[in-house]
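S.K.: Pasting a structure here, questions to come.
Number of protein chains: 2
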Amino acid sequence: MLAEIITIGDELLIGQVIDTNSAFIAKQLNKIGVSIYQITSVQDDKDHILQALSDAEGRVDIVILTGGLGPTKDDVTKKTIAEYFGDILVRDQSVLDNIESIWKQHVRTQLLQVNRDQALIPSKAKPLMNRLGTAPGMWMDKGDKVFISLPGVPYEMMALVEFEVLPKLKDKYHRPYILHRTLMVYGLGESALAERIEPWEDALPKHIKLAYLPNLGQMRLRLSTKGFDEVQLKNEVQEQIDKVIPYIKDEFAGFEDEEGSVEIVIAKQLTKLGKTLAIAESCTGGAVAERFTINPGASAFFKGGVVTYATQSKINVLHVSKTLIDAHSVVSAPVVESMAENALQLFQSDYAIATTGNAGPTKGDSKAEIGTVFIAIATKNGVYSKEFNFGNLRLKVINKAVNKALEMLLKEIFKN
Amino acid sequence: MLAEIITIGDELLIGQVIDTNSAFIAKQLNKIGVSIYQITSVQDDKDHILQALSDAEGRVDIVILTGGLGPTKDDVTKKTIAEYFGDILVRDQSVLDNIESIWKQHVRTQLLQVNRDQALIPSKAKPLMNRLGTAPGMWMDKGDKVFISLPGVPYEMMALVEFEVLPKLKDKYHRPYILHRTLMVYGLGESALAERIEPWEDALPKHIKLAYLPNLGQMRLRLSTKGFDEVQLKNEVQEQIDKVIPYIKDEFAGFEDEEGSVEIVIAKQLTKLGKTLAIAESCTGGAVAERFTINPGASAFFKGGVVTYATQSKINVLHVSKTLIDAHSVVSAPVVESMAENALQLFQSDYAIATTGNAGPTKGDSKAEIGTVFIAIATKNGVYSKEFNFGNLRLKVINKAVNKALEMLLKEIFKN
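From first to last, the protein sequence lines stand for chains Y and E. The first sequence begins at -10 in the numbering used here and counts up by one. The second sequence begins at -10 in the numbering used here and counts up by one.
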């Protein structure tokens, strides 16, 4: 069962907007056994969309379009779909009712003609009701194939995928089971890891695919397979995992959660243990905290954090002693350890992470080389820190520091 | 001058990784007059890549590939390119020297054969030297067209684009000038904005393209054009901007910076004025701070922030009075205003933003409805706050709150 995602919008092709919709759709479709063959981003242009539709129809069973359904003149997807199917646009009363109800609830002024016209859909299309916005989703069967058009606004698209698209696809097609499992590995480069596990990789059954995913100091190793016997596939993959772990037992740091990330693994473990976390950030500027707070349930374990970017803030807010800073500089082991200890006290948490460093591009309040970062972990049993140099690209320094802080915390939490 | 970006990697097609490379490349190419016709994401599969190369060659002048250049067996791009050009792989001494030097500097163990083999490139390819990693970029001319292959690791790809690809493309092609200007508009929905500016839009010259970009409470209006007379294009677009602003004078909030975002506009203005900022976040969990600290130069104006997720942290860290919280609840105007005022004092800043609210999915320490958010701005002249309801989707609530906080700050800073 193959699908293609076509994302429509000039903003994607000039780099003004990053396409996050495709990854979401791909992940959701994988869960019900639909593989994405290709993702194609095209312009808000009739001829270009027509060509993409025709190419995709030749390649896959399911074509999913996002974008270009707004009420303004630059949005041409709906007219183009009607033309592709040799169809005309007709008013759908259920869509109009939904638009009127949204308008009444959120806008409260008189409904505009352009929004009323959003209820026009191709006569052969079934509407997919968008409760969060005025642009309807559309479902069009063509023989055994199906074309699905969704709005590009992420939250509207997401709700339609979950509540309309997935149930309907499950009804229409007999689908295999797709299995991905991802091992997190720290402390080994891509090629060193490959060399280490080569005997295992060479003996891997052909229907289990292996991928290496390097990510700033972290390696991920993904095993993927699909088929119709879910239990057998799970057993086969588990057997391979049991075989590979002995090769990497010191570097293996657990499985990436289905929804995907080390912070979710940490969050689950902290919640399970009933333990709490505080974060004191300098060079990472709030990025460590955000990795946790973006996920639901963070309030169960996350007490809070401080971003003490300026040296004076480290003194005023985090009560790091000025004498200590003067003696060792603001980018140093004693200072980062004091930050972690004080965050632990201030937030009354069980664990605290602290970061201080110089992400560049210019040197700040310390003489530390650009890329130098200290990271500390404090618990009720004490505090320790490590020094790193993450190179001289600002974003890389920040992201590597975040990854390393999460790695250190993960190891601390799973130590026992 | 048209280009196509082909991103290669199963991780994109299963939704494990979001493709951020394409937006970067598109933005950089636009700056030198190269338009992106299409972005195509394909699997780590020889036949699929061959097909994509052949399709792209039929559509555009410049084909840029990213990904699939690693040292492990799942990476097949290089062999596939050689096959597409009927070429063989040969060892390039300059690439091998670079690999050895990187290895010596960063890894320090013996160079592995798989990394030595990364110096194999198609005999007709010119190497693009990757100073940050062992996978070389490659440049292959074919008549008037060019194929460029880059590693998928973002920092390596970015450096190669900046230092190798752009200069070489500028040398090879006579390119037009591409102009995008984006107006930020607050407080008008997409269709209300379209209705308001309709007379102006209908009179817009055909070679200036208008796009509407809605984004959680903010609207962006983009004017795009290209041609060979840079001065004339700039004048024409400026003339149109001068004409449209009177229609939206109360809602217009400035221009999006070239590099693209309201926080950069704020950062530039604060730096120019020599003013500073502190941030106290609850429901936004560090996301407002991160929007500022991710950009270079943040230390010029950003004093720091606190994420007081737990109620007790608001009391301990931010010194909000327990009596105030008990009287009004933790999600209330008096509490958010106290958070902003105390952050201003604690960080000794000129401006402070504070957020408190309930992002869901469950209710926390307050009885506030899910989606309720209070945002406050404090300055040395006083404090004010506003109440919002951003619906019941966690990510949407957080992102809308961040956008709204930035909007309020932008307006405060540009008030005079």
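Ideal Cβ positions, reconstructed from N, Cα and C, are used throughout, including at glycine.
#1: Pull the bridge partners of residue 376 of chain E from the DSSP assignment, please.
#2: Looking only at its chain, what residues have a beta carbon closer than 8 Å to the beta carbon of residue 71 of chain E, apart from the 5 residues adjacent to it on each side?
#3: Give the residues of chain E in contact with residue 16 of chain Y, contact being defined as C-beta atoms less than 8 Å apart.
#4: Looking only at its chain, what residues have a beta carbon closer than 8 Å to the beta carbon of residue 252 of chain Y, apart from the 5 residues adjacent to it on each side?
#5: Could you list which residues in chain E have their beta carbon closer than 8 Å to that of residue 179 of chain Y, in chain order?
#6: Could you tell me which whole beta strand (DSSP E) segments of length 3 or greater appear in the stretch 71 to 123 of chain E?
#7: Spell out whether any CB of chain E is found under 8 Å from the CB atom of residue 291 of chain Y.
#8: Can you tell me the Cα-Cα spacing of residue 55 of chain Y and residue 124 of chain Y, whole angstroms?
#9: Based on the DSSP output, what are the partners of residue 130 of chain E in its beta bridges?
#10: Here's the rule I'm using: 16 or more other beta-carbon atoms within 10 Å means buried, otherwise exposed. How should residue 60 of chain Y be labelled?
#11: Per DSSP, what are the beta-bridge partners of residue 208 of chain Y in this structure?
#12: So that I know if they touch, is there some Cβ in chain Y lying closer than 8 Å to that of residue 344 of chain E?
#13: Would residue 35 of chain Y count as contacting chain E if we go by Cβ distances under 8 Å?
#14: I need the boundaries of the alpha helix (DSSP H) containing residue 291 of chain E, first residue and last residue.
#15: In chain Y, which residues lie less than 9 Å from residue 156 of chain E when you measure between Cβ atoms?
#16: Going by DSSP, what residues sit across from residue 54 of chain Y in a beta bridge?
#17: State the CB to CB distance for the pair residue 296 of chain Y and residue 270 of chain Y, rounded to an integer number of angstroms; the pair is presumed to be in contact (CB under 8 Å).
#18: Less than 8 Å between the beta carbons of residue 330 of chain E and residue 372 of chain E, yes or no?
#19: Between which residues of its own chain and residue 49 of chain Y is the CB-CB distance below 7 Å, once the five residues before and five after are set aside?
#20: If you measure beta-carbon to beta-carbon, which residues of the stretch 195 to 229 of chain E are closer than 9 Å to chain Y?
#21: Can you pull the chain E residues whose beta carbon is under 8 Å from the beta carbon of residue 119 of chain Y, in chain order?
#22: If we ignore side chains and look at the alpha-carbon of each, how far apart do residue 310 of chain E and residue 250 of chain Y end up?
#23: For a contact defined as C-beta to C-beta under 7 Å, what are the partners of residue 323 of chain Y on chain E?
#24: Would you report the Cα separation of residue 328 of chain E and residue 365 of chain Y, rounded to the nearest angstrom?
#25: Please go through the same chain and pick out, in chain order, the residues whose beta-carbon is closer than 6 Å to the beta-carbon of residue 37 of chain Y, but skip the five residues on each side of it.
#26: Kindly indicate which three-state DSSP category residue 266 of chain Y falls into: helix, strand or coil?
#27: What does residue 244 of chain Y pair with, by DSSP beta-bridge criteria?
#28: Determine, using beta carbons only, whether residue 336 of chain E comes closer than 8 Å to chain Y.
#29: Report yes or no: do three or more beta-carbon pairs, one from the stretch 145 to 155 of chain E and one from the stretch 5 to 25 of chain E, lie closer than 8 Å?
#30: Using 8 Å as the threshold, is the C-beta distance between residue 322 of chain Y and residue 376 of chain Y below it?
#31: Considering just the uninterrupted stretch of the alpha helix (DSSP H) at residue 302 of chain E, what are its terminal residues?
#32: Closer than 8 Å, CB to CB, is residue 13 of chain E near chain Y or not?
#33: Looking at the C-beta of residue 283 of chain Y, does it have a partner C-beta in chain E at a distance below 8 Å?
#34: Taking 8 Å as the threshold (beta carbon to beta carbon), is residue 101 of chain Y in contact with chain E?
#35: Given that a residue counts as buried once 16 or more other Cβ atoms are within 10 Å of its Cβ, and exposed if not, what is residue 245 of chain Y?
#36: How far does the alpha helix (DSSP H) with residue 144 of chain Y in it reach, from first residue to last?
M.R.: Reading off the structure:
#1: E/363
#2: 77, 78 and 111
#3: 3, 4 and 5
#4: 280, 281, 284 and 395
#5: 59, 60 and 61
#6: 78 to 80, 109 to 111 and 115 to 117
#7: yes
#8: 11 Å
#9: E/135
#10: buried
#11: Y/174 and Y/203
#12: no
#13: no
#14: First-last for residue 291 of chain E: 291 to 296, but that is the beta strand (DSSP E), not the alpha helix (DSSP H).
#15: By Cβ distance, chain Y contributes nothing, its closest Cβ being about 19 Å from residue 156 of chain E, past 9 Å.
#16: Y/-5 and Y/138
#17: 5 Å
#18: yes
#19: -9, -8, -7 and 26
#20: 198, 199, 200, 201, 202, 203, 204, 205, 209, 211 and 213
#21: Near residue 119 of chain Y there are no residues of chain E at all, since even the closest Cβ is about 13 Å away, more than 8 Å.
#22: 37 Å
#23: Chain E residues near residue 323 of chain Y: none, gap ~20 Å exceeds 7 Å.
#24: 28 Å
#25: 31
#26: strand
#27: Y/172
#28: yes
#29: yes
#30: yes
#31: 300 to 305
#32: yes
#33: yes
#34: yes
#35: buried
#36: 143 to 149
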